[in-house]
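2 protein chains.
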Amino acid sequence: MSGEVLRDAFSSRLVAVAESTEQMLDRLLSPHLLPGEKTRPPRLLEAIRYGSLGGGKRLRPFLLVETARMLGAEGEGVLRAACALEMIHCYSLVHDDLPAMDNDDLRRGRPTCHKAFDEACAILAGDALLTYAFDVIADTPTHPDPAVRADLTVMLARAAGLGGMVGGQALDLEAESRKEPHSREFVMLMQSMKTGALLLNAVEAGARIGGADAAQRAALSHYGALLGAAFQVADDILDAEGDTAALGKRAGKDADRNKATLVAVLGIDEARKRRDALAREAIEALSGFGDKASILVEAARFTALRKS
Amino acid sequence: MSGEVLRDAFSSRLVAVAESTEQMLDRLLSPHLLPGEKTRPPRLLEAIRYGSLGGGKRLRPFLLVETARMLGAEGEGVLRAACALEMIHCYSLVHDDLPAMDNDDLRRGRPTCHKAFDEACAILAGDALLTYAFDVIADTPTHPDPAVRADLTVMLARAAGLGGMVGGQALDLEAESRKEPHSREFVMLMQSMKTGALLLNAVEAGARIGGADAAQRAALSHYGALLGAAFQVADDILDAEGDTAALGKRAGKDADRNKATLVAVLGIDEARKRRDALAREAIEALSGFGDKASILVEAARFTALRKS
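As structure tokens, then:
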């Protein structure tokens with residue numbers, strides 16, 4: 001396929017998976033399907049839906065779904081696992097935006113959850129999304145084999161936990177209060193935890209569901225780690241040069257806060273080179289899959305070169 | 001056995017399980033055993049340990065361990081499952097104490113987590129405990145059968161989620177802002193979610209691990225629900241008549257805040273009668289187990305009559 005045809009195939013898959021994700025999230029978070037139907041406080045459910053529906057590229061669900069699909073697995077169960085990941089991502093945004101954390105007012109072009117509701121509601125909405133993600137991923141409809149479901153649960157908990165997202169956010173907050181410049185090693189470690197771990201988990205969960213063999217698993221893990229790193233450098237570059245309207249969140253905030261970013265450590269030119277090199281290496285990691293990996297190849301390119 | 005001998009057997013088991021729980025939590029939360037060893041921010045780990053070690057009666061682990069033991073299951077795996085429950089309990093205390101929630105300064109006789117550290121740290125410590133609980137419960141050492149681990153994960157997520165703890169806390173916060181008095185039905189529903197669900201889960205998880213049959217499961221679920229209700233009435237009574245030193249948290253705070261409690265709804269005499277009736281019914285639910293249930297029988301009595 002030519003580059004343009006590939007990009008078109010990629011774009012239509014990206015849109016299709018985002019739509020399926022939105023529909024499945026809407027179903028999973030509907031008053032009739034949640035456990036504890038009659039007992040649910042309606043305002044909290046509203047805050048949960050506000051924090052998770054109607055926005056985002058759904059890149060994590062996309063990576064999970066497309067990795068599984070390349071290996072021959074698709075259907076509702078795959079989408080449920082993808083939604084569990086997205087719930088974890090959304091919970092982390094709701095909590096990270098809180099006044100005690102990054103104190104952000106704007107997210108995806110709308111007021112953040114604690115602005116639209118209140119702080120207690122945003123804390124509980126995040127807690128509920130985090131908790132519900134494990135309900136969804138471990139439950140029978142996600143996969144017929146309980147061993148796969150238990151594995152997916154542990155993998156997700158590790159990506160989200162102290163050695164992953166939560167730990168990365170703590171390192172990031174600690175970094176802000178430092179006076180001295182951050183080392184390149186520190187920034188890379190923090191980023192691999194804060195945003196890299198869940199992107200890597202999306203690819204690895206897709207590989208687990210798709211029944212990848214050891215060699216395929218290794219190649220896909222390599223791809224996922226490189227793509228995660230590329231994603232975060234691209235994010236740092238977008239923040240440094242982007243504008244608030246296109247991003248849907250406040251731009252330039254990293255520089256304001258002595259945030260640990262690769263742009264701050266490397267300068268913007270070196271950061272761009274690194275982003276491009278990471279995307280190239282991510283694509284190379286897929287060489288063993290041949291043409292079947294074309295959507296994941298394009299995903300690496302998109303992740304590096306996206307404008308928002 | 002006479003009443004006194006039973007109480008002694010119960011007390012020594014309560015102390016023994018609390019000690020085993022403390023040791024296992026200490027191991028699970030030690031820097032060397034956590035996933036992502038080198039990457040962990042030390043201050044966050046300190047806050048997590050502060051929020052979960054060195055305190056509490058460990059009633060939930062006790063109920064899980066003793067239910068499983070009555071059915072013939074014991075060992076490290078059972079204790080791991082018990083610790084996962086306790087982590088969920090501890091996370092809920094850390095988040096509920098936050099300024100945006102119950103705004104408490106004192107817990108188990110010490111400053112609350114956000115007072116000893118800071119708010120961001122307390123939010124993240126709670127998130128990390130909640131996440132790690134699912135890592136621990138779904139992971140291989142907890143039970144050889146992945147179907148049991150997947151079941152335990154879903155059960156725990158439901159007890160902690162929107163139809164359980166998180167939903168109950170949201171109802172409780174919404175209730176505080178109301179002017180009109182709360183109905184008895186509302187208070188009972190809120191309490192069955194906020195504190196009842198996790199106590200019930202402790203018994204049900206013990207039953208699942210112990211391989212209870214359908215009749216045993218039904219009896220134990222009935223016991224767990226009644227014990228959970230008795231626990232919360234006892235808590236309301238303790239708050240109304242207790243003193244801060246004995247409780248290790250501020251007493252009398254319920255009345256200050258128009259909190260939805262059964263003492264407020266029923267008056268203290270009726271509340272005491274209800275507490276005693278619930279404990280009696282909980283004990284009756286165990287009749288099919290005969291003498292083997294003596295520790296759980298005593299647990300119901302203790303739950304209703306404890307002084308802190």
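Going down the list, the protein sequences come from chains U and Y.
With the UniProt record's numbering, letter number 103 in the first sequence gets 103, and the count goes up by one each step, no holes.
With the UniProt record's numbering, letter number 147 in the second sequence gets 147, and the count goes up by one each step, no holes.
Don't be surprised by glycine CBs; every beta carbon is placed ideally from N, CA and C.
From a predicted model like this one, the values you see are computed outputs, not experimental measurements.
Residue-level contact to chain Y via CB, PHE186 of chain U, 8 Å cutoff: For the purposes of this step, residue 186 of chain U is identified with residue 186 of the first sequence, where counting begins at 1. PHE186 of chain U does not count as touching chain Y.
Do CYS113 of chain Y and LEU25 of chain Y come within 8 Å of each other at the CB atom, strictly closer than that value? Here residue 25 of chain Y refers to the residue found at position 25 when the second sequence is read from its first residue. Here residue 113 of chain Y refers to the residue found at position 113 when the second sequence is read from its first residue. Cβ distance not < 8 Å, so LEU25 of chain Y and CYS113 of chain Y don't count as in contact.
Whose Cβ in chain U lies nearer than 8 Å to the Cβ of GLU174 of chain Y? Along the second sequence, one-based indexing puts residue 174 of chain Y at 174. Within chain U, the residues near GLU174 of chain Y are PRO41, ARG43.
Output, in chain order, the set of chain Y residues within a Cβ distance shorter than 8 Å of GLN169 of chain U. Stepping through the first sequence from its first residue, residue 169 of chain U is reached at position 169. Below the 8 Å Cβ cutoff, chain Y contributes LEU124 as neighbours of GLN169 of chain U, in chain order.
When you compare the CB of ASP127 of chain Y with every CB in chain U, is at least one pair closer than 8 Å? Walking along the second sequence from the start, residue 127 of chain Y turns up at place 127. By the rule that beta-carbons nearer than 8 Å mark a contact, ASP127 of chain Y touches chain U.
For residue 309 of chain U, would you say it is in contact with chain Y, using Cβ-to-Cβ distances shorter than 8 Å as the test? A query on residue 309 of chain U cannot be resolved here, the shown segment of chain U reaching from 1 to 308 and no further.
Rounded separation between GLU76 of chain U and THR142 of chain U - CA only: Translated into the one-based positions of the first sequence, residue 76 of chain U becomes position 76. Translated into the one-based positions of the first sequence, residue 142 of chain U becomes position 142. Rounded to the nearest angstrom, the two C-alpha atoms are 7 Å apart.
Along the region 100-119 of chain U, what residues have a CB closer than 8 Å to any CB found in chain Y? ALA100, MET101, ASP118, GLU119
Nearest-angstrom Cα separation, counted from PHE186 of chain U out to ALA207 of chain Y: The residue you call residue 207 of chain Y lines up with position 207 of the second sequence. The residue you call residue 186 of chain U lines up with position 186 of the first sequence. Those two C-alpha atoms are separated by around 46 Å.
So with Cβ pairs under 8 Å, would you call LEU162 of chain Y a contact of chain U? Position 162 of the second sequence, counted from the start, is the residue given in the question as residue 162 of chain Y. So, interface residue.
Taking ALA197 of chain Y and ALA159 of chain Y to be in contact with their CB atoms under 8 Å, please state how far apart those CB atoms are, rounded to whole angstroms. Here residue 197 of chain Y corresponds to residue number 197 of the second sequence, with the count starting at 1. Here residue 159 of chain Y corresponds to residue number 159 of the second sequence, with the count starting at 1. Going by Cβ atoms, the distance from ALA197 of chain Y to ALA159 of chain Y rounds to 4 Å, so yes, they are a contact pair.
Pick helix, strand or coil for ARG274 of chain U, following the three-state DSSP scheme. As a working note, residue 274 of chain U is residue 274 in the first sequence. Of the three classes helix, strand and coil, the one that applies to ARG274 of chain U here is helix, per DSSP.
Keeping to the same chain, check which residues put their C-beta closer than 7 Å to that of SER20 of chain Y; ignore five residues upstream and five downstream. Counted from its first residue, the second sequence places residue 20 of chain Y at position 20. The residues are LEU79.
Would you decide whether SER92 of chain U is buried or exposed? Buried here means 16 or more other CB atoms lie within 10 Å of its CB. As a working note, residue 92 of chain U is residue 92 in the first sequence. SER92 of chain U comes out buried.
Rounded straight-line distance, which links the Cα of GLU4 of chain U to that of ASP172 of chain U: Indexing the first sequence from 1 puts residue 172 of chain U at position 172. Indexing the first sequence from 1 puts residue 4 of chain U at position 4. Using only the alpha carbons, I get a separation of about 38 Å.
Please decide whether VAL65 of chain Y counts as near chain U, where near means a Cβ-Cβ distance under 8 Å. In the second sequence, counting from the first residue as 1, residue 65 of chain Y sits at position 65. No - not a single Cβ of chain U is within 8 Å of the one on VAL65 of chain Y.
List the residues of chain U that PRO146 of chain Y touches, going by C-beta distances under 9 Å, in chain order. Translated into positions along the second sequence, residue 146 of chain Y becomes position 146. In chain order: ASP145, PRO146, ALA147, VAL148, ARG149, ALA150, ASP151.
Do the CB positions of GLU174 of chain U and PRO41 of chain Y come within less than 8 Å of each other? Working through the first sequence from its first residue, we reach residue 174 of chain U at position 174. Working through the second sequence from its first residue, we reach residue 41 of chain Y at position 41. Yes, these two residues count as a Cβ contact at 8 Å.
Would you grab the beta carbon distance between LEU227 of chain Y and ALA282 of chain Y for me? Rounded to a whole angstrom, and I think it's under 8 Å. As a position in the second sequence, residue 227 of chain Y is number 227, starting the count at 1. As a position in the second sequence, residue 282 of chain Y is number 282, starting the count at 1. 5 Å between Cβ atoms; contact.
I want to see whether chain U comes within less than 8 Å of ALA304 of chain Y, judged by CB atoms only; does it? Position 304 of the second sequence holds residue 304 of chain Y. No, because no Cβ of chain U sits closer than 8 Å to the Cβ of ALA304 of chain Y.
Which two residues bound the contiguous alpha helix (DSSP H) that contains MET87 of chain Y? Residue 87 of chain Y sits at position 87 when you count from the first residue of the second sequence. Start and end: 76-96.
Taking three-plus beta-carbon pairs below 8 Å as touching, is the region 86-103 of chain Y in contact with the region 52-62 of chain Y? yes
Under 8 Å Cβ-Cβ, which residues of chain U neighbour TYR132 of chain Y? Taking the second sequence and counting its residues from 1, the one referred to as residue 132 of chain Y is at position 132. Neighbours of TYR132 of chain Y on chain U, chain order: ALA157, GLY161, LEU162.
Contact set for ILE209 of chain Y: own chain, Cβ-Cβ below 7 Å, skip 5 residues either direction: Indexing the second sequence from 1 puts residue 209 of chain Y at position 209. Excluding sequence neighbours, ILE209 of chain Y sits near ALA68, ALA73, VAL78, ALA81, HIS143, VAL148.
Under 8 Å between C-beta atoms, does LEU200 of chain U make it to chain Y? Against the first sequence, residue 200 of chain U aligns to sequence position 200. Output row for LEU200 of chain U: interface = no.
Supposed contact pair PRO99 of chain U and GLU119 of chain U - C-beta distance, whole angstroms, cut 8 Å: As a first step, residue 119 of chain U is located in the first sequence; it is residue number 119 there, counting from the start. As a first step, residue 99 of chain U is located in the first sequence; it is residue number 99 there, counting from the start. Contact holds; Cβ gap of about 7 Å.
Please name the residue, chosen from U:LEU286, U:ALA170, U:ALA133, that lies closest to MET155 of chain Y on a Cα-to-Cα basis. Within the second sequence, residue 155 of chain Y is the residue found at index 155, counting from 1. When only C-alpha atoms are compared, the closest one is U:ALA133.
Counterpart residues of PRO111 of chain U in DSSP-defined beta bridges: Within the first sequence, the letter at position 111 stands for residue 111 of chain U. Note: PRO111 of chain U sits in a beta bridge opposite U:LEU106.
Name, please, each residue of chain Y whose Cβ falls closer than 7 Å to the Cβ of LEU98 of chain U. The residue you call residue 98 of chain U lines up with position 98 of the first sequence. Residues of chain Y passing the Cβ test: ILE123.
Going along chain U in order, which residues have a C-beta closer than 7 Å to the C-beta of VAL94 of chain Y? Your numbering for residue 94 of chain Y matches position 94 in the second sequence. Here the premise fails: no neighbours, minimum Cβ distance about 11 Å.
Between VAL78 of chain Y and chain U, is any beta-carbon pair separated by less than 8 Å? What you label residue 78 of chain Y is simply residue 78 of the second sequence in a count that begins at 1. Closer than 8 Å: no.
Where ASP139 of chain U meets chain Y, residues with beta-carbon distance less than 7 Å: As a working note, residue 139 of chain U is residue 139 in the first sequence. What ASP139 of chain U touches in chain Y: VAL154.
Are the beta-carbon atoms belonging to ALA304 of chain U and ALA234 of chain U less than 8 Å from one another? The residue you call residue 304 of chain U lines up with position 304 of the first sequence. The residue you call residue 234 of chain U lines up with position 234 of the first sequence. In contact: ALA304 of chain U and ALA234 of chain U (Cβ atoms closer than 8 Å).
Look at the Cβ atom of LEU129 of chain U, then the Cβ atom of GLY51 of chain U, and state whether they are nearer than 8 Å. The count along the first sequence starts at 1 and reaches residue 129 of chain U at position 129. The count along the first sequence starts at 1 and reaches residue 51 of chain U at position 51. Yes; because the gap between Cβ atoms is below 8 Å, this pair is in contact.
Examine chain Y for any beta-carbon lying closer than 8 Å to the beta-carbon of ASP235 of chain U, and answer yes or no. Along the first sequence, one-based indexing puts residue 235 of chain U at 235. Taking Cβ atoms only, chain Y never reaches closer than 8 Å to ASP235 of chain U, which makes this a no.
Return the CA-CA distance between LEU14 of chain U and ALA300 of chain U, expressed in angstroms with no decimal places. Working through the first sequence from its first residue, we reach residue 14 of chain U at position 14. Working through the first sequence from its first residue, we reach residue 300 of chain U at position 300. Their Cα atoms are separated by approximately 13 Å.
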